[in-house]
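>
Residue numbers (the working numbering): 130 to 370.
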């Protein structure tokens, strides 16, 4: 860790009112090293610069604290986790979270398992497959306190993938990189059909940057109908309106 300048990372954490131990900072650095190493032979991320990874992946993931109380124990699923954002970053910062990482590409799951083993993380699990399939399994359907996703898709589509995992009274938080007022309006009916309601929406820039972000928090008010999610691929091709 001494080989890396963590001053800006610490400053960004402070602006989020987060204080991590030296061990946790070291875990983030090792995570970065493995991301850069594995990215050399598989496409995990287009962002590999050290400072950019810390800001655009790690701090961005931890920005959840702006809209959701992370202080209590929580059973979380990250749908479309990719290289582990936001789920694995959240697990490092908030080790009391029980974290499930779901992705459709096995190469990403292999990477995540390697990081989990290297960092000796406990209470974190990986799933290889499609959200549409796992959301119909009794083991996972409406079992989670919180679902998070940084996946790039329309909010109506993401809600159909994610809300079936959330228990009634739980939440789904969608990470967005654009202003989403029109998308929010377009998605309200779909969210209602899936048993949810928009709880909070926050727009901000990442600390010490001009990088715009939106977080949308949806509360699950009613069970999701058994007709959702629809068969694989349909939520993307034909979003609920």
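Just so you know, even glycine gets a beta-carbon here, dropped at the ideal spot from N, CA and C. Owing to the predicted nature of the structure, the values given are computational and were not obtained by experimental measurement.
Under a three-way DSSP split, which group does residue 259 fall into?
Residue 259 falls in the coil class under three-state DSSP.
> Could you pull the start and end residues of the beta strand (DSSP E) that residue 133 belongs to?
That residue, residue 133, is in no beta strand (DSSP E); it is neither H nor E in DSSP.
> Shorter than 7 angstroms, the distance from the beta carbon of residue 268 to the closest heavy atom of the ligand FMN, or not?
Summarising the ligand content, the structure contains no ligands, and the ligand FMN is consequently not present.
> Can you tell me whether residue 244 is buried or exposed? The criterion is at least 16 other CB atoms within 10 Å of its CB, across all chains shown.
buried
> Quick one, which of 315, 241 and 223 has its alpha-carbon nearest residue 152's?
223
> What is the DSSP secondary structure of residue 101, reduced to helix, strand or coil?
The structure shown has nothing for residue 101, since the chain only spans 130 to 370.
> Among 263, 272, 340 and 306, which one has its Cα closest to the Cα of residue 349?
272
> Let me confirm a value: residue 356 is counted as buried when at least 16 other C-beta atoms fall within 10 Å, else exposed. Which label applies?
exposed
> Residue 360: which of 146, 260 and 133 sits nearest, CA to CA?
260
> In the DSSP assignment, what residue or residues form a beta bridge with residue 401?
No answer is possible for residue 401: the residues shown for the chain start at 130 and end at 370.
> Could you tell me the distance, in whole angstroms, from the CA atom of residue 103 to the CA atom of residue 197?
In the structure as shown, the chain begins at 130 and stops at 370. Residue 103 is therefore absent and cannot be evaluated.
> For residue 249 and residue 351, what's the separation of their Cα atoms in angstroms?
37 angstroms
> How should residue 211 be labelled, buried or exposed, when 16 other C-beta atoms within 10 angstroms of its C-beta is the threshold for buried?
buried
> The alpha helix (DSSP H) spanning residue 219 covers which residue range?
216-222
> Out of 364, 247, 242 and 289, state which residue places its alpha-carbon closest to the alpha-carbon of residue 347.
289
> Apart from the five residues just before and just after residue 276, which ones in its own chain have a Cβ nearer than 8 angstroms to its Cβ?
205, 206, 207, 208, 291, 292, 294, 295, 299, 300, 301 and 302
> Relative to the C-alpha of residue 312, which residue among 229, 343 and 323 is closest?
When only C-alpha atoms are compared, the closest one is 343.
> Rounding to the nearest angstrom, what Cα-Cα distance links residue 240 and residue 254 in this structure?
Cα to Cα, residue 240 sits roughly 13 angstroms from residue 254.
> Among residues of its own chain, excluding the 5 on either side of residue 199, which ones have a beta-carbon nearer than 6 angstroms to its beta-carbon?
223
> Find the nearest neighbour of residue 133 within the set 178, 143 and 225, judged by alpha-carbon distance.
178
> According to the neighbour-count rule (16 or more other Cβ atoms, all chains shown, within 10 Å of its Cβ), is residue 252 buried or exposed?
exposed
> In chain order, which continuous runs of the alpha helix (DSSP H) of length 4 or greater are located wholly inside the stretch 174-253?
Runs of alpha helix (DSSP H) with 4 or more residues, each lying fully within the stretch 174-253, are found at 216-222 and 235-248, listed in chain order.
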